[in-house]
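Residue numbers (this note's numbering): -8 to 511.
Built from N, CA and C at the ideal position, the CB exists for glycine as well.
The structure appears right after this line, and notes come after that.
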Ligand code: CA
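Dropping the structure here:
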């Protein structure tokens, strides 16, 4: 704390009659937040997925030198809402950003970035933003408009429209490093380097086309899930490889925006393979398998470039002697389905989309090689960063600082249940609004739309693939009762309103404002 006060004096935020205005010997920690869009933990080798889809040596380095969180949960598994939750430390119903269709971030509310900036940090965000309103709380920002594109992206730099050339993941890395090189070195920094990749439509860098040597990928056990016994809300999705995967998703058509040279190289890889596909004209399960393998080539190819970006940023910290006093966080706005249940995309409370990767390195604080299985969340990021900087946390924030866990000290009061609520419906992907409670073992879920008003109980211990619904199983009656009570307690704790505003759903479903009542 003494160091921090000295620092505040040094930058003139605190008056002192005697202390000279000087930089302290050691600044508060720098914060490097490397963020991806739709990055599945199954694609990071440090997470040990048995399919062994990809090697990610640079992200693995973070896990080896820091801590790997195995159950980092999101509050609402979709891009914009997750980003709003990170900045504010609040649930969607408290920060007002519910969906990607009609929500706009209210930048007048407190965010950790604003507090850090006001407290003497140099702050920047580079890459995907996706919150509609312009960034506030950043000395410098260069963002992709909306979802952004993979090649030669238009960007907006401090309000000015510009055009970049090259592969977007590389550009975000280049601009991030340039900002670090040119920053005010008398101050600690916050840099949010935020990739578009590996978001749909999963276009790899030209240099990575064919990276997998036409590998045939191991399939997830639930690739052909029939949803037998599940809620109709789950079976009635629109996010499957079988029926939702488009020609663009499959690279049977060409993404826009490439230069002629890029297009030539792109066609050199895809055209002969697409021709072979059309000639074979697979159907049924064979078609799903072809799509799955094409999807894995493209998605994992995107992740390869993200991993290289992580490597370059870590190397910069090493070269500049910054690694020791920088906390590095590598995460994603949610998890993603890599064929599990036959799906791509996210949204559900089920494990692959609820869990997001979270790797943190904080030298001198976090024991290298730590694995943590506590229930943590992106909801905790804002409070964690403020705590790391020794700054007070606004009362309205709803997360918890991860600093004790980072230091290997688990508070006895750490959460053992977590509240989740997803809204966006019906488009895209027809995932019905649902909320629920998550514990170490169970999930109690309510699909509360008027056309399908159903509950599910999932048991990860008995059914780790999450293909069964135990809600009506008499053996679980006591568990169901306890979880209903816990869900009600959590809804009060997080200040969930009795009714949700219709606009929360993006497009209001029929009777959207109906009270989500808990049956006796
Ligand atoms: Ca996302």
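Length of the line joining the Cα atoms of residue i and residue j
i	j	result
residue 360	residue 152	43 Å
residue 289	residue 476	44 Å
residue 219	residue 340	18 Å
residue 199	residue 330	21 Å
residue 257	residue 55	35 Å
residue 112	residue 62	30 Å
residue 252	residue 263	18 Å
residue 195	residue 227	31 Å
residue 376	residue 355	16 Å
residue 297	residue 181	19 Å
residue 277	residue 395	50 Å
residue 474	residue 428	7 Å
residue 463	residue 285	39 Å
residue 309	residue 37	21 Å
residue 323	residue 145	23 Å
residue 41	residue 391	32 Å
residue 79	residue 73	10 Å
residue 490	residue 84	10 Å
residue 183	residue 299	16 Å
residue 496	residue 415	4 Å
residue 492	residue 304	42 Å
residue 485	residue 405	16 Å
residue 467	residue 444	20 Å
residue 456	residue 335	16 Å
residue 494	residue 487	16 Å
residue 287	residue 173	38 Å
residue 208	residue 275	18 Å
residue 470	residue 342	20 Å
Sub-8 Å separation of residue i and residue j beta-carbons
i	j	result
residue 103	residue 115	no
residue 409	residue 64	yes
residue 189	residue 321	no
residue 385	residue 498	no
residue 142	residue 164	no
residue 255	residue 458	no
residue 201	residue 333	no
residue 82	residue 66	yes
residue 268	residue 281	yes
residue 229	residue 425	no
residue 283	residue 210	yes
residue 69	residue 86	no
residue 205	residue 291	no
residue 125	residue 150	yes
residue 192	residue 161	no
CB-CB length for residue i against residue j, believed under 8 Å
i	j	result
residue 388	residue 373	6 Å
residue 397	residue 106	Not quite, the Cβ-Cβ distance comes to about 19 Å (not below 8 Å), so this is no contact.
residue 347	residue 370	Going by Cβ atoms, the distance from residue 347 to residue 370 rounds to 11 Å, so no, they are not a contact pair.
residue 478	residue 461	Not quite, the Cβ-Cβ distance comes to about 16 Å (not below 8 Å), so this is no contact.
residue 88	residue 135	18 Å between Cβ atoms; not a contact.
residue 431	residue 454	Not quite, the Cβ-Cβ distance comes to about 14 Å (not below 8 Å), so this is no contact.
residue 21	residue 301	Between residue 301 and residue 21 the Cβ distance is about 16 Å, and since that is not below 8 Å, they are no contact.
residue 351	residue 168	Going by Cβ atoms, the distance from residue 351 to residue 168 rounds to 21 Å, so no, they are not a contact pair.
residue 139	residue 154	Going by Cβ atoms, the distance from residue 139 to residue 154 rounds to 12 Å, so no, they are not a contact pair.
residue 44	residue 34	6 Å
residue 318	residue 379	6 Å
residue 413	residue 338	6 Å
residue 326	residue 32	6 Å
residue 117	residue 170	7 Å
residue 401	residue 365	7 Å
residue 393	residue 362	Not quite, the Cβ-Cβ distance comes to about 14 Å (not below 8 Å), so this is no contact.
Check: residue i C-beta below 7 Å from any heavy atom of ligand 2
i	result
residue 33	Questions concerning ligand 2 fall outside what the structure shown contains, since the ligands it does hold are ligand 1.
Practice task
State whether the stretch 433 to 451 contacts the stretch 84 to 103, with contact taken as three or more CB pairs (one from each stretch) at a distance under 8 Å.
Solution key: no
Practice task
Would you check if the stretch 209 to 229 and the stretch 303 to 321 touch, i.e. whether three or more CB-CB distances between them fall below 8 Å?
Solution key: no
Handout entry: the stretch 25 to 33 touching the stretch 179 to 194, judged by at least three CB pairs closer than 8 Å
Key = yes
Handout entry: Minimum length 4: unbroken alpha helix (DSSP H) runs contained in the stretch 327 to 392
Key = 342 to 345 and 372 to 379
Handout entry: Cβ contact (3+ pairs, closer than 8 Å) linking the stretch 225 to 236 and the stretch 175 to 186
Key = no
Practice task
Give, in chain order, every unbroken run of the beta strand (DSSP E) that is at least 3 residues long and sits entirely within the stretch 420 to 454.
Solution key: 425 to 430, 433 to 439 and 444 to 450
Practice task
Tell me the start and end of each unbroken beta strand (DSSP E) in the stretch 469 to 501 that is at least 3 residues and wholly inside, in chain order.
Solution key: none
Handout entry: Those runs of the alpha helix (DSSP H) which lie wholly inside the stretch 260 to 331 and span at least 4 residues
Key = 275 to 310
Exercise for the section: Could you pull out every unbroken alpha helix (DSSP H) segment of at least 4 residues lying fully inside the stretch 210 to 255, listed in chain order? Expected result: 223 to 226
Problem - Inside the stretch 30 to 105 only - beta strand (DSSP E) runs reaching at least 3 residues - result: 58 to 64
Problem - Any beta strand (DSSP E) of 3 or more consecutive residues that is wholly inside the stretch 155 to 212 - result: 180 to 185
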